[in-house]
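Asks: The structure is given below, and queries will be raised subsequently.
Numbering (the numbering used here), first residue to last: 47 to 816.
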């Protein structure tokens, strides 16, 4: 049972509530008045069908009466209950709005006319304003109504509305010529005002922004694709200020009082749109992958290319696009994407067996120049260049190609090296000087080896592909020797040209590195002087190039012996040389050089320059007219059979000899008129087995010869330890006396050993071949 105190408390509370509702009036007069005020307030707030006149029980509602009723309810502290009743009525009546929404959406879906979306927004605004409580009444009811109406509205709008609203925004941004919309400033301002009042601006902000983004994307792709001559970023920004900003003003800054106020209101969205211009232009130039929902991706399906690779190929004509990329990358974080895109393009279009080494080097040089424009610190270049450098190290002719350009021995005149680049010593990787007041930390995306691989000029970058410049110096020696030995007559200008090249290369490599080249050039001068003295004592048609054996690169050895008059001429010249230089002795290298021949046959005379082996063979035919191939080879010493066939093919081409039958060669004193086809067949047969062997070993072959002294060490390792990787072999060879070769030089030697059948390699592991 309830206690007396509890009953007393309940009675007190009940009396207080009654007095508040009765407004302290006599009897229940106040209660009756409250009942009438409550009923009128509920009727005044109750949502109604705006398609019908608003009449309650045959009378129009009076705002003044409603104000008194609301005051009475408020004094009775019953506004929360009134608000709750109003919201429930709103929920029950909202089907009226939903029906009209569905009607307009159905018309839009049938005709795809954005006018229905425009009309729907205006109609929703009419419903909203019709049910909106007057501002003269309780403000809490008005604000709560707005939030509740918007909530029910968002729930009632179907997915089609989002599509239609996006199309409407696109039409307002870029009206098609055949649009039937009334696009006056007042009408569009009214539309966006309604959108904002209904909270659709906030609700569909991403949809509205996507319209601007896609419009920008389409314009960038249509106007900037494959156009690299001049920077386009500022042009795009001006286009946006002319075409997009007016639309942005109507959407985001309608209430601006002055240009400064409008600029402040557009600051955020304008910054996002400017960022998007930078991003799309950067995407286009670099060929990045876009979001699957992006409008740009659908366009790129037909016109997008990996522009960054082609931009680099087209450099310097594409300098404008490079400047755009530099500006864009400062605005958007796409550096890692650029690296991935360019590395992928390089792997697909450049680093494959079908590309010539010179082409790869030319593209690499262009990449160096272009990426230094985009990213002066060189971080992007460091990341992009790594696969190219590793691939070039594996190519056997990379060094020769670089060196050929250094000495101007380019066959087609298309040099890798820019002649305008200043001649300077090859730079070593930079060393950190932390005491330098201008020192700057490494970029945040720099790798751990960034500083140690950052030479500044192009040539230093190319040379740094290898661990040591010694390989380049040796190749320089080989190439210079080949060029000097290729001089067939008194060509002082050619020698002087080589001397000038060496003087330039001294600046790059240093005096000490090119001392051997100096000796070779001095030999050319001394050879001319010695030959002049010998000729003054006893005239001879032999003009040899006399070289210092210990200072010239190793030449291919041969057991060839010049027969007949050639041997006699060599012996006479050697005797005169020994008189002039009694402390020295000439050792002839008969397979090198050129012989000028004057051939007198019965019906014709031929005069031509040929290699010594060709001259030796034709000299033998002066002894007898018919020779077997084996007899010819025996008569000139020991020469390679394929080289002999190649030499004989030369005389078959000139119609001096013929092969009939196979391996039997006959001198033709009289030219055969009908033997052209047979000679061609014979020449073709001989050419099939004739390889083109250079007269001098390449630098890599010389290095392999020097490495042979360490073969026993390598053989012992592989015998005792089984299979080993190249870096393990290199580490163990460090303990061998006098070993100072790089891992690249060791790799070249191991490849040579593999070709000779000494070792096998699988998955980078080397083992002895059984």
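Cβ atoms here follow ideal geometry from the backbone N, Cα and C, with glycine treated the same way.
(1) Using only the alpha-carbon positions, how far apart do residue 239 and residue 233 sit?
(2) Please report the straight-line C-alpha distance between residue 556 and residue 422, rounded to a whole angstrom.
(3) What runs of the beta strand (DSSP E), each 3 residues or longer, lie entirely inside the stretch 665-720?
(4) May I have a chain-ordered list of the alpha helix (DSSP H) segments no shorter than 4 residues that lie completely inside the stretch 230-284?
(5) For the beta strand (DSSP E) holding residue 816, just list the boundary residues, first then last.
(6) Assuming residue 290 and residue 326 are in contact, meaning their beta carbons sit under 8 Å apart, how far apart are those beta carbons, in whole angstroms?
(7) Would you mind giving the Cβ-Cβ distance between residue 452 and residue 444, rounded to the nearest angstrom? I have them listed as a contact below 8 Å.
(8) Quick check on DSSP: helix, strand or coil for residue 451?
(9) To which residues of the same chain is residue 648 closer than 7 Å at the C-beta, ignoring the five residues directly before and after it?
(10) Tell me the rounded alpha-carbon separation between residue 195 and residue 174.
(11) Residues in the same chain with beta-carbon distance under 7 Å from residue 211, minus the five sequence neighbours each way, listed in chain order, please.
(12) Which value, in whole angstroms, describes the spacing of the CA atoms of residue 136 and residue 114?
(13) Inspect the CB distances between the stretch 605-612 and the stretch 665-680 and report whether three or more fall short of 8 Å.
(14) Does DSSP put residue 295 in a helix, a strand or coil?
(15) Closest to residue 576 by CA distance: which of 625, 127, 222 and 264 is it?
(16) Going along the chain, which residues of its own chain have a beta-carbon closer than 6 Å to the beta-carbon of residue 340, five neighbours each way excluded?
(17) So, for residue 180: in the same chain, excluding its five sequence neighbours on each side, which residues have a beta-carbon less than 7 Å away from its beta-carbon?
(18) With residue 144 as the anchor, note down where its beta strand (DSSP E) starts and where it stops.
(19) Mind reading off the beta-carbon distance from residue 762 to residue 813? Whole number of angstroms is fine, and I expect it under 8 Å.
(20) Thinking just about the alpha-carbon of each residue, which of 148, 788, 677 and 89 is nearest to the one in residue 517?
(21) Taking buried to mean at least 16 other C-beta atoms within 10 Å of its own C-beta, is residue 838 buried or exposed?
(22) For residue 771, list the residues DSSP reports as bridge partners.
(23) How close, in whole Å, do the beta carbons of residue 685 and residue 661 come, if the pair is a contact with beta carbons under 8 Å?
(24) Considering only DSSP beta bridges, list what residue 656 is partnered with.
(25) Give the secondary structure of residue 646 by DSSP, where H, G and I count as helix, E and B as strand, and everything else as coil.
(26) I need the straight-line Cα distance from residue 399 to residue 440, nearest angstrom please.
(27) Do the CB positions of residue 355 and residue 395 come within less than 8 Å of each other?
(28) Does the stretch 584-603 come within contact of the stretch 523-533, defined as at least 3 CB pairs closer than 8 Å?
(29) Between residue 357 and residue 637, what straight-line distance do the alpha-carbon atoms span, to the nearest angstrom?
(30) Just the Cα atoms here: how many angstroms apart are residue 833 and residue 279?
(31) Determine the direct distance from the alpha carbon of residue 235 to that of residue 830, and round the result to whole angstroms.
(32) Give me the residue from 548, 559, 448 and 522 with the minimum Cα distance to residue 504.
(33) How should residue 757 be labelled, buried or exposed, when 16 other C-beta atoms within 10 angstroms of its C-beta is the threshold for buried?
(34) If distances are taken between C-alpha atoms only, which option among 803, 384, 370 and 442 comes closest to residue 402?
(35) Figure out for me which residue from 112, 99, 97 and 509 has the closest Cα to the Cα of residue 90.
(36) Using the C-alpha atoms, what's the distance from residue 690 back to residue 592?
Replies: The answer reads as follows:
(1) One-based indexing of the chain shown puts residue 239 at position 193. One-based indexing of the chain shown puts residue 233 at position 187. Straight through space, the alpha carbons of residue 233 and residue 239 are spaced by roughly 10 Å.
(2) Residue numbering aside, residue 556 sits at position 510 when the chain shown is read from its first letter. Residue numbering aside, residue 422 sits at position 376 when the chain shown is read from its first letter. Rounded to the nearest angstrom, the two C-alpha atoms are 28 Å apart.
(3) 672-674, 703-705 and 710-713
(4) 231-243, 246-249 and 251-270
(5) Translated into the one-based positions of the chain shown, residue 816 becomes position 770. No beta strand (DSSP E) contains residue 816, which DSSP labels as neither H nor E.
(6) If you number the chain shown from 1, residue 290 lands on position 244. If you number the chain shown from 1, residue 326 lands on position 280. That pair is no contact at about 13 Å.
(7) As a first step, residue 452 must be located in the chain shown, where it is residue number 406. As a first step, residue 444 must be located in the chain shown, where it is residue number 398. With a Cβ gap of about 13 Å, residue 452 and residue 444 do not count as contacting.
(8) The count along the chain shown starts at 1 and reaches residue 451 at position 405. Three-state result, residue 451: helix.
(9) Here residue 648 is taken as the residue at index 602 of the chain shown, counted from 1. Around residue 648: 715 and 716.
(10) Start at 1 with the first residue of the chain shown, and residue 195 comes out as number 149. Start at 1 with the first residue of the chain shown, and residue 174 comes out as number 128. Cα-Cα distance, rounded: 7 Å.
(11) Looking up residue 211 in the chain shown gives position 165. Excluding positions up to five away in sequence, the list reads 163, 250 and 253.
(12) Here residue 136 refers to the residue found at position 90 of the chain shown. Here residue 114 refers to the residue found at position 68 of the chain shown. Near 22 Å, if we compare the C-alpha coordinates of residue 114 and residue 136.
(13) Segments in contact, yes.
(14) Along the chain shown, one-based indexing puts residue 295 at 249. Residue state, collapsed to three classes: helix.
(15) Locating residue 576 in the chain shown gives position 530, counting from the first residue. Measuring from the Cα of residue 576, the nearest candidate turns out to be 625.
(16) Working through the chain shown from its first residue, we reach residue 340 at position 294. With a pLDDT of only 46 at residue 340, under 50, the local geometry of the prediction cannot be trusted, and no value is derived from it.
(17) Position 134 of the chain shown holds residue 180. Contacts found: 109.
(18) As a position in the chain shown, residue 144 is number 98, starting the count at 1. Taken as a continuous stretch (DSSP letters only), residue 144 belongs to no beta strand (DSSP E), being part of the alpha helix (DSSP H) at 141-157.
(19) Numbered from 1 along the chain shown, position 716 holds the residue referred to as residue 762. Numbered from 1 along the chain shown, position 767 holds the residue referred to as residue 813. Taking the Cβ atoms as the reference, residue 762 lies roughly 13 Å from residue 813, outside the contact range of under 8 Å.
(20) Here residue 517 is taken as the residue at index 471 of the chain shown, counted from 1. Of the candidates 148, 788, 677 and 89, the one whose C-alpha sits nearest the C-alpha of residue 517 is 788.
(21) This structure cannot settle anything about residue 838, because the visible part of the chain is limited to 47 through 816.
(22) Counted from its first residue, the chain shown places residue 771 at position 725. According to DSSP, which records beta bridges pairwise, residue 771 is partnered with 811.
(23) In the chain shown, residue 685 corresponds to position 639, counting from 1. In the chain shown, residue 661 corresponds to position 615, counting from 1. Contact doesn't hold; Cβ gap of about 13 Å is too wide.
(24) Mapped onto the chain shown, residue 656 falls at position 610. For residue 656, which the question treats as bridged, DSSP gives the partners 641.
(25) On the chain shown, residue 646 is found 600 positions in, with the first residue counted as 1. Note: residue 646 maps to strand in three-state DSSP.
(26) The count along the chain shown starts at 1 and reaches residue 399 at position 353. The count along the chain shown starts at 1 and reaches residue 440 at position 394. About 11 Å.
(27) Position 309 of the chain shown, counted from the start, is the residue given in the question as residue 355. Position 349 of the chain shown, counted from the start, is the residue given in the question as residue 395. Yes, they are a contact pair.
(28) yes
(29) Here residue 357 refers to the residue found at position 311 of the chain shown. Here residue 637 refers to the residue found at position 591 of the chain shown. Straight-line spacing of the CA atoms in residue 357 and residue 637 works out to 49 Å.
(30) The structure shown does not extend to residue 833, since the chain spans only 47 to 816, so no value can be given for it.
(31) Outside the modelled stretch of the chain, which goes from 47 to 816, sits residue 830, for which no answer is possible.
(32) For the purposes of this step, residue 504 is taken as residue 458 along the chain shown, with counting starting at 1. When each option's Cα is compared against that of residue 504, the closest is 448.
(33) Counted from its first residue, the chain shown places residue 757 at position 711. Looking at its Cβ environment, which holds fewer than 16 other Cβ atoms inside 10 Å, residue 757 is exposed.
(34) Position 356 of the chain shown, counted from the first residue, corresponds to residue 402. Considering only alpha carbons, the answer is 442.
(35) Along the chain shown, read from residue 1 onward, the residue named residue 90 stands at position 44. Of 112, 99, 97 and 509, the residue nearest in Cα terms is 112.
(36) Residue numbering aside, residue 592 sits at position 546 when the chain shown is read from its first letter. Residue numbering aside, residue 690 sits at position 644 when the chain shown is read from its first letter. Roughly 26 Å separates the two Cα atoms.
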